[in-house]
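The structure appears right after this line, and notes come after that.
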Amino acid sequence: MELTRMRSTADNKALKYRLPTKVKPYHYDLIVKTDLEQLKFEGFVKISLDVKDDTSELVLHVKDLELRKAWVSSDCWTSEKDVDISSIDDTLERVTYRMPEALTTGSKAALNIRFSGSLTGNMMGYYRSRWETQGKTQYYSLTQFEATAARRAFPCWDEPLLKATFSVIMISRMGTVNLSNMSVVSERLLEELDSSIISTDRNNLFYPFSKGEWKVTKFDVSPPMSSYVVAFANGPFAFIERSIKMPLSGRTIPLRIYSTPDLIGQAQFALDVKAAALPLYEKMFGVEYPLPKLDTLVASDFDPAAMENWGLITGRLSSLLIDPDRPDTRAMKEVASIQSHEVAHMWFGNITTLKWWTYVYLNEEFRLGIEFINKHLVRALKQDAKLSSHPVQVDSPDASDINQIFDNLSYSKGASVLLMLSSFVGEESFLKGVSIYLKKNLFGNSVTRDLWDGISAATGLDIGELMNSWITATGYPVISVTENANGIIVRQDRFLEAGHASPENNQTLWTVPLAILMIENGRSVIDRSVLLKERENFIALDTNKPYKLNAGTQGVYLVLYTPERLSLLAAEAKKENSLLDVKDRLGLIHDTIALALAGYSKLSVALTFVSQFNFEEDYMVWQAISDNLADIQDIWWEFLAITNKFQEFRRSLYSPLVSKLGYNYPAGEPLNAKILRTLAISQACDAGDECVVSELKRRFDAYIETGDDSQIPVDLQNTVYTTATRYGGMKEYRIMRNIYDNPKSPTQQNSAIFAMANTQDTDLLEETLIFVLNNARDQDILIFVVALAKNYKARRMLTTFIKENYDQLVDRFKGTMSFSYLISRAFQFYSSKQDYQDIVDFFKDKDTSDYNKSLAQGLESIHTRANCIERNTRDLKQWLSKFLN
-6 MELTRMRSTA
4 DNKALKYRLP
14 TKVKPYHYDL
24 IVKTDLEQLK
34 FEGFVKISLD
44 VKDDTSELVL
54 HVKDLELRKA
64 WVSSDCWTSE
74 KDVDISSIDD
84 TLERVTYRMP
94 EALTTGSKAA
104 LNIRFSGSLT
114 GNMMGYYRSR
124 WETQGKTQYY
134 SLTQFEATAA
144 RRAFPCWDEP
154 LLKATFSVIM
164 ISRMGTVNLS
174 NMSVVSERLL
184 EELDSSIIST
194 DRNNLFYPFS
204 KGEWKVTKFD
214 VSPPMSSYVV
224 AFANGPFAFI
234 ERSIKMPLSG
244 RTIPLRIYST
254 PDLIGQAQFA
264 LDVKAAALPL
274 YEKMFGVEYP
284 LPKLDTLVAS
294 DFDPAAMENW
304 GLITGRLSSL
314 LIDPDRPDTR
324 AMKEVASIQS
334 HEVAHMWFGN
344 ITTLKWWTYV
354 YLNEEFRLGI
364 EFINKHLVRA
374 LKQDAKLSSH
384 PVQVDSPDAS
394 DINQIFDNLS
404 YSKGASVLLM
414 LSSFVGEESF
424 LKGVSIYLKK
434 NLFGNSVTRD
444 LWDGISAATG
454 LDIGELMNSW
464 ITATGYPVIS
474 VTENANGIIV
484 RQDRFLEAGH
494 ASPENNQTLW
504 TVPLAILMIE
514 NGRSVIDRSV
524 LLKERENFIA
534 LDTNKPYKLN
544 AGTQGVYLVL
554 YTPERLSLLA
564 AEAKKENSLL
574 DVKDRLGLIH
584 DTIALALAGY
594 SKLSVALTFV
604 SQFNFEEDYM
614 VWQAISDNLA
624 DIQDIWWEFL
634 AITNKFQEFR
644 RSLYSPLVSK
654 LGYNYPAGEP
664 LNAKILRTLA
674 ISQACDAGDE
684 CVVSELKRRF
694 DAYIETGDDS
704 QIPVDLQNTV
714 YTTATRYGGM
724 KEYRIMRNIY
734 DNPKSPTQQN
744 SAIFAMANTQ
754 DTDLLEETLI
764 FVLNNARDQD
774 ILIFVVALAK
784 NYKARRMLTT
794 FIKENYDQLV
804 DRFKGTMSFS
814 YLISRAFQFY
824 SSKQDYQDIV
834 DFFKDKDTSD
844 YNKSLAQGLE
854 SIHTRANCIE
864 RNTRDLKQWL
874 SKFLN
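Following this line, the structure appears as structure tokens:
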């Protein structure tokens, strides 16, 4: 039969993207047969439906599947009826089945579909991942459905609002392991396809089996859940396990981590983190964890860092594995952050789910860890300081838009806004409100108003009025502070990295919790009651005593002080019993540099302020200094005379730290000292300290000569490797290439990536780019691009590489979450009008729908850098000359 294939126009796409609401699925019976030898899968799905309105057609999602026979049963009919496809819409990724007679309002029906597909390597839908064992390539299969890829694995109503229960059966070859969201109910050898698997007279569902070579695994029925958190996998997995007792239910929950057998020995740390996090969240949220188990699958090929599939978390090797013999501190912190975040999703996103992707931040709001400011708040502020930014809550009509909003605004700004709210109302009241929100929306779907209502109920405040502008408006304010004899005048304006906002871009008034830190009766206190709702206001305050706005750097805004007040704050920071804690100090550094680069103050004033922190002993403050100095140097990367002097300034800060802390990592030393040493050595080396470079090269040479890497502490592995290739040649490069191909751990492999990308030899850089295209795993290509973009020698080569291989990269990455980052990372570091125009010209005839937001942000970054250079170069030159003389 000839099918009609339609292309939707741009005008009606937004209106038509959501599925019709005449029926609603409430249960899926899903069978998936996986053949890892043929790299194919076949399936059958029976979708039980409530008919909400009379309809003669059923419209649902499907992509890249071969649809076979389909039939419908209805309690209005006496028998099942075959149904035909009337159309397939490739743009909207949906299929329409025509009914032989109408389904009537209030009835129940079931749509049955046979389908098949290929296990491709594109990291979306149901796909294959490869691994090497005994010199042989083998494969296993797994799913990645968020945001709109469940339709690539089975026909479904693939929208988060359309929750249903799922009964999954997997058929696979003997010797493999089947995994899904729920616990295994039964597993047996498959002799024939009988009524215990599916009750239907249409039993010729799959191609023939070889008796005794296949098995069938049946999983328990799930609670109602959205299609994007459905998961299943098949492969030769090994596992480690432990059990925990939950604090509310008292139930014992088994926890497992699965991986290929060669890697399972590196999964213990992630298992321990999960065991600590799951009961903690149950107690914190006051809602029982509803599933009978929680597994994690570690995947060799995976697009995002990790994914919160209900009962079966999935994630990258580097996100979940730690070598127990050489545990890297920063890698351990990253694994702990990622694993605990995915566990939090078991409540936020899985029990209570957004109604549509507009509210994606409601899933992503809980972030833990002491480095929140450096890692999340600052990241959010940088992206949201652009005119091309978007609100946290943003309309997302189609799949291209949805994938792009999994960015720093949905993740980091959303989390930062909620942290600000928690600080304002108090953590206890905030968590009480969150618990109210979860309980009211158990197994349901929510919008922003639902969360505000929960916290309002706990606090008695109108949270919607307080928070609306932070979620629905683009940008954030800078609070300018001026002083008089009686207090301070505070004014809010939208902050833009390109400079002062014009009147048309400065319309929003935020409700700003000022959180004023000050001295009263000889003690530091925080007044959290003051809200700035107006453009400008006066606050009575004794300005003869130290004070600071945004106590603890919990607010999503910047504070602009006068140079005189900034100098007093620098003096206060040096005091032994300073009013300013670690978060206040690092917040001041971030604010001061950001405001100077944007032209709100002089860069020389900001650098003078930062240079006074050579007394600092806390790692987080030094991390803030390092990040901001790197940003400054990165703007002037093509101005060699300036960068050489700036490197000298950086050495003046970090070389004394290296002399003080040394290169050895004593057992049992405090964490702060360990990670500060790593930071100091890496920064001094990057700044060209000859003594540090020489020492790191010596340690690497000893490793080459003896094969003993004991002189390379694992925390310094990345710095030693990159130093070896930066100052070495072919020999060092080949060693890194071999490490990438045969790593002892994901941490070591990532270190090899950055080392290969850090060579200064253009021939070796060209070899790296060829390797990226032809040999690197897809999931590693973005890491290579990020690493190459950090190497000034490689930047223009990288841009040319992306342009020349654009079509191939589109074929490999289109539709993935990483695609937009891959594109923008390759050019956003430029600062000239010519480069800007070259980028515009290249993309003008391209379909940019998958990355138009990041493209606009990258182009805006070029303009911003150009303006910053024009505005600050003279001031920077003068300051560097004065400081270094």
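Each residue of the sequence shown is one higher than the one before, starting from -6 at the first, in my numbering. By construction, the Cβ of each residue, glycine as well, lies at the ideal position given by its N, Cα and C atoms. Since the structure is predicted, the reported quantities are computational estimates derived from the model, not experimental observations.
Quiz item: Does the pairing of the region 130 to 140 with the region 236 to 244 give three or more beta-carbon distances under 8 Å?
Solution: Contact between the region 130 to 140 and the region 236 to 244 is absent, because fewer than three Cβ pairs lie under 8 Å.
Quiz item: Can we say the region 299 to 306 touches the region 284 to 291, given the rule of at least three CB pairs closer than 8 Å?
Solution: yes
Quiz item: Which same chain residues, not among the five before or five after Y352, have their C-beta less than 8 Å away from its C-beta?
Solution: Caution applies to Y352, whose pLDDT of 45 falls short of 50 and renders its modelled position unreliable; the model cannot decide the point.
Exercise. Name, in chain order, the residues that DSSP records as bridge partners for F212.
Key: The beta-bridge partner set that DSSP reports for F212 consists of V177.
Practice problem: With DSSP collapsed to three states, give me the class of W70. | Solution: Coil at W70, not helix or strand.
Quiz item: CB V713 to CB R730, shorter than 7 Å?
Solution: no
Practice problem: Under 8 Å Cβ to Cβ from L553, same chain only, skipping five residues before and after it: list those, please. | Solution: Excluding residues within five positions, the ones whose Cβ falls inside 8 Å are V471, I472, S473, V474, D584, L588, Y593, S594.
Quiz prompt | Buried versus exposed call for I705 [16 or more other C-beta atoms within 10 Å across all chains shown] | solution = Answer is buried; the Cβ neighbour count reaches 16.
Quiz item: Hey, would you say D213 sits closer than 7 Å to H54, going by beta carbons?
Solution: No. Outside cutoff.
Quiz prompt | Contact set for D75: own chain, Cβ-Cβ below 6 Å, skip 5 residues either direction | solution = W64
Quiz item: How about D296 and T809: are their beta carbons less than 7 Å apart?
Solution: yes
Quiz item: According to DSSP, is P470 helix, strand or coil?
Solution: strand
Quiz item: Between the C-alpha atoms of V336 and K276, what's the straight-line distance to the nearest angstrom?
Solution: 13 Å
Exercise. Measure the C-alpha to C-alpha separation of A695 and S703 and round it to an integer number of angstroms.
Key: 9 Å
Quiz item: By a C-beta neighbour count over all protein chains shown, 10 Å radius and 16 as the cutoff for buried, is E125 buried or exposed?
Solution: exposed
Practice problem: Could you check what DSSP says for M218 in three-state terms: helix, strand or coil? | Solution: strand
Quiz prompt | Enclosing beta strand (DSSP E) for T245 [first to last residue] | solution = Looking at the DSSP string, the run of the beta strand (DSSP E) that includes T245 is 245 to 252.
Practice problem: Have a look at W776 and S744 and give me their C-alpha separation to the nearest angstrom. | Solution: For the record, residue 776 in the displayed sequence is Ile; it is not Trp. Cα-Cα distance, rounded: 10 Å.
Quiz item: When we look at the beta-carbon of V371 and count the other beta-carbons within 10 Å, is it buried (16 or more) or exposed?
Solution: Residue environment for V371: buried (at least 16 other C-beta atoms within 10 angstroms of its C-beta).
Quiz item: Is the region 159 to 176 touching the region 218 to 230, taking contact as three or more C-beta pairs under 8 Å?
Solution: yes
Exercise. Compare the Cα-Cα distances from T866 to each of M613, K101, F639 and report the closest residue.
Key: Of the listed residues, the one whose Cα sits closest to T866 is F639.
Quiz prompt | Local Cβ density within 10 Å of I586, reported as buried at 16 or more and exposed below that | solution = buried
Quiz item: Under a three-way DSSP split, which group does W340 fall into?
Solution: Three-state result, W340: coil.
Quiz item: When the Cα atoms are used, what is the spatial distance from D708 to T718?
Solution: Those two C-alpha atoms are separated by around 18 Å.
Quiz item: Where DSSP assigns a beta bridge to L284, which residues make up the other side?
Solution: DSSP output for L284 lists no bridge partner at all.
Practice problem: Please classify L96: is it buried, with 16 or more other beta-carbons within 10 angstroms of its beta-carbon, or exposed? | Solution: Around the beta carbon of L96, 16 or more other beta carbons lie within 10 angstroms, which makes this residue buried.
Quiz item: Within the chosen definition, does the region 870 to 878 reach the region 841 to 854 through at least 3 CB pairs nearer than 8 Å?
Solution: no
Quiz prompt | Unbroken alpha helix (DSSP H) run spanning W124, endpoints | solution = From DSSP, W124 is part of no alpha helix (DSSP H) but of the beta strand (DSSP E) over 118 to 126.
Practice problem: With G851 as the anchor, note down where its beta strand (DSSP E) starts and where it stops. | Solution: Per DSSP, G851 belongs to no beta strand (DSSP E); it is in the alpha helix (DSSP H), 845 to 877.
Exercise. With distances taken Cα to Cα, identify the nearest neighbour of T465 among Y550, H383, R309, N845.
Key: H383
Quiz item: Expressed to the nearest angstrom, what Euclidean distance is found between the alpha-carbon atoms of G419 and L411?
Solution: 11 Å
Exercise. Per DSSP, which residues does F34 bridge with? Please list them.
Key: T27, G110
Quiz prompt | Span separating the alpha-carbon of N479 from that of Y540 | solution = 14 Å
Quiz prompt | Near the ligand FMN: T761 beta-carbon under 6 Å from a heavy atom | solution = Although the ligand FMN was asked about, the structure shown includes no ligands whatsoever.
Exercise. Look up P18 in the DSSP assignment and give the residues it is bridged to.
Key: L42
Quiz prompt | A634 versus E641: straight-line alpha-carbon distance, rounded | solution = 11 Å
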